[in-house]
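In the working numbering, the protein residues as written are 777 to 1194.
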Amino acid sequence: MVPRLNDQEIVLNTRDSIGALVFTAVLIGCWPAILSAQKDDARPTLTVSDGSSFIPKDYYPEFRWDTTPMYYMFGDTRRTLTPEEVKFIAERTDFICIEKSHASRELGFAERGAKHEAGAFKKIKPEMKVLFYFNSAYAWPFTSYNQMFKPDTIDDHPAYKKFLIVDPKTGELAHRRNVFYFDVLNPELRDWWVNTVAQGVRESGCDGVFIDQMHGFAWLRKDRSQEVQKAMGDMMGALKKKMGPDKILLANNAHQRIAKDVFPVMDASMFEHYNAQLLSKEALLRDWNDMLQIAKAGKMSIFRIGVEVERVRSPQGEQTTRKRSRTDPLAALAKERIEYHLACYLIGAQPYSYFQYGWGWTLASGSLHDYPELRRPLGAPKGAFQRTTAEGWEFTREFEHASVWVDTEKGEGKISWR
């Protein structure tokens, strides 16, 4: 309701109708800004662990410390989600990504799968932020936009063939299991890629995009690695502009040095943890420091754990690293290790830091499993994490409803809920 102005607050000269009209126009014109300011003031203050304030963008999802803030990313090549599955995920998060091949067999192309799920989630939860998926390095053939990049069709499209990297050793198109590599150094590729991704976001009705692979295959052109990094930054900046000011750009591992030109234009970065070395005690400490810097920059982060790359012990009792087969029954391991990995996330968590947990990227890799710990009342952190000794690897942190302890050297953690 517009507040009523009394006579003392404003006196209009009734003989000066023009002045009255001008005043009224100014008041009406300013009112949206006044309302906006009141709305902003009503939002809870989010505090970074160094004491600074986090100011979220208007198009970010709403962030809460009530329970563990979760991000979900999943796909099933064969089918769309059932209503029960949509409800299960929507009850646990406001922030998701539809993975690269989702429902491509059922609906023909992956962008249709993303559109279907975006509509399904927003129907029951309008505030849900749904991201489209696209890769900046691999020409995955799951969308309609990439059909020319298949081994049996690429020779029919010479203009698009120029977008791909040639293996300098063989003179043939570089590939991994017949998936070709985009050449980010080609400006025509960058233009096509930006327009294509923006089209995918628009046609799928999504709120932004998750972009995988920030490296641009720099190791194939070591003498031009700086050019590759700059080209990747230029391409992401152009995409951000093309999508529009209200769309989210989440870039995988964009906090790493190789993506230094991407960081300024992104909205969020994922800590993917795709091998055991990235879960080492040293790597986790770097993660926590990076999460702080990301939050200080007003950006979001995703702390993604895939237990399929955990360290395991050999029959002889020696610690080794073995990437488990995707077909192994990993649900029991995920349940067993949830407290430790959640504790590792909580030690470094900042405003707009999200947790993702499972053992892969498919729908069957944990997105439909219930972990009671993730729904326990958490509350905001009471401060930064503490290192128990200067050279040790034990860390603690207090939250409103939880005390967290981890020993990253031993791989142990404890969360005391209250």
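Backbone N, C-alpha and C fix where the C-beta goes; we use that ideal spot for every residue, glycine too.
As the structure is a prediction and not an experimental result, all values here were calculated from the model.
Who are the near neighbours of residue i in its chain, counting only those whose CB is closer than 6 angstroms to its CB and skipping five residues on each side?
| i | result |
| --- | --- |
| P837 | D870, F871 and K905 |
| Y1128 | F839 and M1076 |
| F1161 | I1123, F1171 and R1173 |
| D943 | A950 |
| F956 | A915, F925, L940 and L949 |
| K891 | S980 and G981 |
| D988 | N911 and N1028 |
| F918 | K876, S877, S880 and A886 |
| S1001 | A994 |
| Y848 | I865, T869, I872 and S1143 |
| T1164 | E1170 |
| P927 | N954 |
| Y921 | T972 |
What does the Cβ neighbour count give for residue i, buried or exposed, with the cut at 16 atoms within 10 Å?
| i | result |
| --- | --- |
| Q1132 | buried |
| S877 | buried |
| R1194 | exposed |
| K1190 | exposed |
| W969 | buried |
| V1180 | buried |
| N911 | buried |
| D829 | Sequence inspection shows Ser at residue 829; the Asp mentioned does not correspond to that position. So S829 counts as exposed. |
| W1064 | buried |
| G1124 | buried |
| S1192 | exposed |
| G1159 | exposed |
| E983 | One detail in the question is off: residue 983 reads as Asp in this sequence, not Glu. Buried is the call here. |
| N954 | exposed |
| R1033 | exposed |
| P1157 | buried |
| A1166 | exposed |
State the CB to CB distance for the pair residue i and residue j, rounded to an integer number of angstroms; the pair is presumed to be in contact (CB under 8 angstroms).
| i | j | result |
| --- | --- | --- |
| E1149 | E1115 | 6 angstroms |
| G976 | E887 | 5 angstroms |
| A1007 | G992 | 7 angstroms |
| Q1126 | M1067 | 5 angstroms |
| G1142 | A1110 | 6 angstroms |
| I900 | K863 | 7 angstroms |
| M846 | Y1121 | So it is not a contact: roughly 10 angstroms between Cβ atoms. |
| A1035 | M990 | 4 angstroms |
| K1072 | D826 | 7 angstroms |
Taking the alpha carbon of residue i as the point to measure from, which residue in the options has its own alpha carbon closest?
| i | options | result |
| --- | --- | --- |
| D1146 | H951, D928 and E861 | E861 |
| P1040 | G884, A1156, K1017 and W995 | K1017 |
| R855 | A1108, Q1002, E875 and E903 | E875 |
| W1059 | F1079, A1071, K1072 and A1073 | The residue you asked about is not Trp; residue 1059 is Ala in the sequence shown. It is F1079. |
| A950 | L965, G895, A915 and F910 | A915 |
| F958 | L1109, D931 and K938 | K938 |
| L857 | G1159, T1172, T1164 and T1138 | T1138 |
| K898 | A879, A866 and K1036 | A866 |
| C873 | L1025, R966 and K1057 | L1025 |
| E1176 | L961, G884 and T843 | T843 |
| V985 | K1111, K1057, V1004 and P1021 | P1021 |
| E1188 | E1086, A1108, G895 and L1154 | E1086 |
| K1023 | M990, A1030, Q1002 and S980 | S980 |
| V824 | L1154, I1070 and T853 | I1070 |
| K1037 | A974, L961, D967 and V1004 | Here the sequence assigns Asp to residue 1037, which means Lys is not the residue at that position. Per the Cα distances, V1004. |
| K998 | K1072, S1045 and L961 | L961 |
| L822 | W841, A1108 and N922 | W841 |
| R1113 | G1155, A1178 and I1081 | I1081 |
| A1178 | R1152, R1163 and E1167 | R1152 |
| A974 | R952, M1012, P963 and A1108 | M1012 |
| L907 | R1163, R978, E1167 and E1048 | R978 |
| Y909 | R952, G851, P934 and A896 | G851 |
For residue i, which residues of its own chain have a beta-carbon under 7 angstroms away from its beta-carbon, when the five flanking residues on both sides are left out?
| i | result |
| --- | --- |
| P1091 | Per-residue confidence for P1091 stands at a pLDDT of 41, beneath the threshold of 50, marking its modelled position as unreliable; no derived number is given. |
| L1106 | V1083, E1084, R1100 and W1135 |
| L1054 | none |
| W1169 | K1057, D1183, T1184 and E1185 |
| G889 | T856, I874, H878, A879, S880 and L883 |
| I831 | G1074 |
| R1062 | none |
For residue i, which residues of its own chain have a beta-carbon under 8 angstroms away from its beta-carbon, when the five flanking residues on both sides are left out?
| i | result |
| --- | --- |
| I930 | M924, Y936, K937, L940, L949 and F956 |
| P902 | none |
| G805 | Interpretation of G805 is limited by its pLDDT of 47, a score under 50 that renders its predicted location unreliable; the figure taken from the coordinates is listed afterwards. If we look at G805 and ignore the five residues flanking it on each side, it has no Cβ neighbours. |
| N971 | K1018 |
| D1010 | R966 and D1037 |
4 or more residues per run - each alpha helix (DSSP H) lying fully within the region 850-894: Counting whole runs of 4 or more residues, the region 850-894 contains the alpha helix (DSSP H) stretches 859-866 and 880-883.
Quick check on the DSSP output: what are the complete beta strand (DSSP E) runs of length 3 or more inside the region 1154-1191, in order along the chain? Counting whole runs of 3 or more residues, the region 1154-1191 contains the beta strand (DSSP E) stretches 1170-1175 and 1178-1183.
Go through the region 977-1021 residue by residue and report every complete run of the beta strand (DSSP E) that reaches 3 residues or more, in order. Positions of the beta strand (DSSP E) runs, each at least 3 residues long and wholly inside the region 977-1021, are given as 984-988 in order along the chain.
Of all the beta strand (DSSP E) runs that stay within the bounds of the region 1042-1076, which reach a length of 3 or more residues? Listed in chain order, the complete beta strand (DSSP E) runs (minimum 3 residues) inside the region 1042-1076 are 1044-1047.
Minimum length 4: unbroken alpha helix (DSSP H) runs contained in the region 895-938: Listed in chain order, they are 934-937.
Please list the segments of the alpha helix (DSSP H) lying wholly inside the region 1107-1157, counting only runs of 4 or more residues, in order along the chain. Within the region 1107-1157, the complete alpha helix (DSSP H) runs of at least 4 residues are 1107-1124.
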